[in-house]
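Scroll down for the structure; my scribbles are underneath it.
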Amino acid sequence: MSERSTELDQAAFDSLLPTAQMNRRGFVTTLAAAGFALAVQPVQASTVITTDASGLDAGSATVKASGSELPVYYARPAQGEKLPVVLVVQEIFGVHEHIRDVCRRLAKQGYLAIAPELFFRQGDPTKLENVADILSSIVSKVPDAQVMADLDACAEWAVTRGGDAARLAITGFCWGGRITWLYAAHNPKLKAGVAWYGRLDGAPSDNQPKQPIDVAANLNAPVLGLYGGQDQGIPLDDVEAMREAIKAAGKPGDIIVYPDAPHAFHADYRPSFRKTEAEDGWKRLLEWFSKNV
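Count the sequence shown with UniProt numbering and you get residues 1 to 293, in order.
The structure is reproduced here in structure tokens:
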């Protein structure tokens, strides 16, 4: 994330402080009880969408990855084998209740959804109280290569839970949206990806040597990008450049821009949530996976 977008994100959060009707301690306690990272406050007190686990096998597990035990949340139909698999990649706030709910939504559609805690080696974002701290002390220290390897391990683990290795997809939000593009260029077995408002360009670093725009010509699977026209952290010029790069490389894919939507328009636990755009994006995701996976 660029310095500019980091500052904008922090300013956006700071402008939405809890009202006097609930003090800070009470507000944070409510969020923690609901399974949200402290860092996402201030947010709405609850999600707009709540998906129960009836008819599902859902819960926590660990996956052996690069000599470590990677914590994951998974959800799948209680019955069935050879299920299509979706890797669900978190925002910078970790695998909190919203991400777990996304997994259950996908499971209700017949998928085995897996959300790995991709920051677990570097730190726990639920223990930090602002975006700047998460970015500097955790996110900046997470190597892309480590993330790719962890996602590969989750894809392999999925087979032991009734997943079909030949029907693999990925979706991710914000930080996870960027990872979605990168993973589509990394794994030749991937069938489809849906990237929600993931960063597309930026300065390289040791941990993040390439950005999605750099790997557009290497995509192994069709990726659908979903972006907001009012996103202050992702310039529309970057979105259009990515669209052109995919087209120039002859790669299948599509990018949708919702003109009036801000960043994180799918995050129904944040004030940025936009119901119309979120519902349309989710419909497009299901259609994309149904067509390609």
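Each residue gets a CB set at the ideal place from its N, CA and C atoms; glycine is no exception.
Secondary structure of Leu87 (DSSP, three-state): strand. In the same chain as Asp238, and ignoring 5 residues on each side of it, the C-beta atoms closer than 6 angstroms to its own belong to Leu200, Asp201, in chain order. Linking Thr62 to Glu69 through their CA atoms gives a straight-line distance of about 6 angstroms.
With a minimum length of 3 residues, the unbroken runs of beta strand (DSSP E) contained wholly in the segment 52-99 fall at 56-65, 68-77, 83-89. A residue is called buried when at least 16 other Cβ atoms come within 10 angstroms of its Cβ; Glu117 meets this threshold and is buried. In this structure, the straight-line span from the alpha carbon of Leu236 to that of Gln79 is close to 43 angstroms. For Phe173, the pairing in a beta bridge is given by DSSP as Trp196. Check the Cα spacing between Tyr269 and each of Val215, Ile92, His98, Thr160: the tightest is with His98. The beta carbon of Asn207 sits closer than 8 angstroms to those of Ser140, Lys141, Val142, Pro143, Asp144, all from its chain and outside the five residues before and after it, given in chain order. The distance from the Cβ of His263 to that of Gly233 is about 6 angstroms, consistent with a contact at the 8 angstroms cut-off.
Taking each of Ile138, Tyr73, Val293 in turn and checking the Cα distance to Asn220, the smallest one comes out for Val293. Within the same chain, and ignoring the five residues on either side of Tyr183 in sequence, the residues whose Cβ sits closer than 6 angstroms to its Cβ are Leu151, Ile170. Within the same chain, Cβ atoms closer than 6 angstroms to the Cβ of Val159 are found at Ala165, the five residues on either side in sequence being excluded.
Secondary structure of Val257 (DSSP, three-state): strand.
In the DSSP annotation of this structure, the continuous segment of the beta strand (DSSP E) that includes Ile114 starts and ends at 112-116. Between the alpha carbons of Ala217 and Thr180 lies a gap of roughly 15 angstroms. Closest in alpha carbon position to Ala149, among Lys64, Leu128, Ile92, is Lys64. Pairing Gly193 with Val223 gives a Cβ-Cβ distance under 8 angstroms. In this structure Cys154 touches Ile114 by the C-beta definition: roughly 5 angstroms separates them, less than 8 angstroms.
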